[in-house]
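Asker: This structure is in structure tokens; I'll ask about it shortly.
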Amino acid sequence: MGEGTGGGAALDGMRVAARLALLCLQGDGRLTPSRAAGQAVRAGGLVDLVLAGRLVEEADAVDLLPGPGAGPVAEGLVAEVDADPGRPLADLVERGRTGLAEAAGELVGRGLWGARASLLPWRPDRYRPADPSLARTALAPAVAAVSTEGAAPAPDRAATAVLATVAGLVDGRYADADERLLAACGPAEWVTRTAAEVITTSRRWHDSLGRTTIADLGTPW
């Protein structure tokens with residue numbers, strides 16, 4: 008992924024949710040309005056919880072454990088689960104309230120983005136990268152270059168690449184998850200796979216709304 012240079016180096020040390028949020032910043036400074044983008048960021052927060060040892064898949068359940076902070080997106084998801092303990096993870100990825108707003112706040116707070124508040128209440132705020140290496144045009148090629156050729160990528164980088172690909176954050180085109188990259192997600196494979204399936208199914212279902220009626224569709228879950 009170009010580790011140590013360019014966009015790849017800019018991603019070092021970042022949580023998965025924050026990496027995905029960086030890919031959501033459009034050239035005009037606005038965050039992409041796509042549903043898949045928000046879903047990918049929430050999925051990244053779940054991956055962050057897994058990698059922090061706080062979200063664990065057991066034989067017949069998924070357990071959320073106490074532990075170190077995993078970032079605003081992850082903690083927002085924890086709060087949603089605490090408010091509704093029986094909520095499926097798939098529904099959390101699909102319809103959760105947490106997402107890009109929390110990720111943007113983290114990036115601004117860390118000085119990675121500068122905020123440009125809108126003077127018009129009906130227009131969204133805009134942001135600008137603090138450094139050219141944090142621009143989407145620099146980061147997207149680095150994410151696209153992640154592969155299992157040679158040494159396998161670290162789980163967080165593999166998960167970032169999978170979720171960015173299925174959400175269309177790399178080049179605007181949607182693609183299926185790469186099975187080899189899913190395997191490289193290690194302990195986070197199960198949650199990354201689940202989230203990728205949710206994002207893909209949700210996108211296809213909503214795309215089909217333009218070609219048929221709701222009465223023709225079954226619920227996707």
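Per the numbering used here, the sequence shown runs over residues 8 to 228.
Don't be surprised by glycine CBs; every beta carbon is placed ideally from N, CA and C.
(1) Touching or not, the region 70-77 and the region 196-214, by the rule of three or more beta carbon pairs under 8 Å?
(2) Give me the residue from R102, L188, G60 with the minimum Cα distance to V48.
(3) With H, G and I counted as helix, E and B as strand and the rest as coil, what does DSSP make of A124?
(4) Which two residues bound the contiguous beta strand (DSSP E) that contains R135?
(5) Measuring CA to CA, which of R187, V177, L96, A111 is closest to G78?
(6) Checking the sheet assignment: what are the DSSP bridge partners for L62?
(7) Report back the beta-carbon spacing between V23 and D163 to the nearest angstrom; my notes put them in contact at under 8 Å.
(8) Within a Cβ cutoff of 6 Å, which residues of the same chain sit near E10, ignoring the five residues on either side of it in sequence?
(9) Could you say which of T144, A190, S154, A158 lies nearest to G179 if we only look at CA atoms?
(10) Within the same chain, show all residues whose beta-carbon is closer than 7 Å to that of A124, passing over the 5 residues directly before and after it, in chain order.
(11) Hey, out of Y134, A147, V88, G193, whose CA is closest to D35's CA?
(12) Could you tell me if G230 is buried or exposed, where buried requires 16 or more neighbouring beta carbons within 10 angstroms of its beta carbon?
(13) Would you list the residues sitting across from L32 in a DSSP beta bridge?
(14) State the CB to CB distance for the pair L58 and A195, rounded to an integer number of angstroms; the pair is presumed to be in contact (CB under 8 Å).
(15) In this structure, how does DSSP classify M8 when only helix, strand and coil are distinguished?
(16) Given this structure, state the Cα-to-Cα distance separating T155 from L170, to the nearest angstrom.
(17) Starting from D98, trace the alpha helix (DSSP H) both ways and give me its first and last residue.
(18) State buried or exposed for P160, treating a residue as buried only when at least 16 other CB atoms are found within 10 Å of its CB.
(19) Any idea what DSSP makes of R200, helix, strand or coil?
Answerer: Reading it off the structure:
(1) Touching, no.
(2) Of the residues R102, L188, G60, the one whose Cα lies closest to the Cα of V48 is R102.
(3) Three-state DSSP puts A124 in coil, outside helix and strand.
(4) Run containing R135: 133-136, per the beta strand (DSSP E) assignment.
(5) Answer by Cα proximity: A111.
(6) Paired residues: L71.
(7) Yes, V23 and D163 are in contact; Cβ-Cβ is about 5 Å, under 8 Å.
(8) Summary for E10: the model assigns pLDDT 37, below 50, so the residue's position carries little reliability, and this model does not support an answer.
(9) Nearest C-alpha to G179: T144.
(10) Within the same chain, A124 has close Cβ partners D132.
(11) If you compare the alpha carbons of Y134, A147, V88, G193 with that of D35, the shortest gap goes to Y134.
(12) The chain is shown from 8 up to 228; residue 230 falls before or after that span and cannot be answered.
(13) Bridge pairing for L32: L38 [DSSP].
(14) Correct: roughly 6 Å between the Cβ atoms.
(15) Legend: pLDDT at M8 = 35, less than 50; position of this residue unreliable, no value from coordinates given.
(16) The C-alpha of L170 is placed about 16 Å away from the C-alpha of T155.
(17) Per DSSP, D98 belongs to the alpha helix (DSSP H) from 96-102.
(18) It counts as buried.
(19) DSSP, read as helix, strand or coil, puts R200 in helix.
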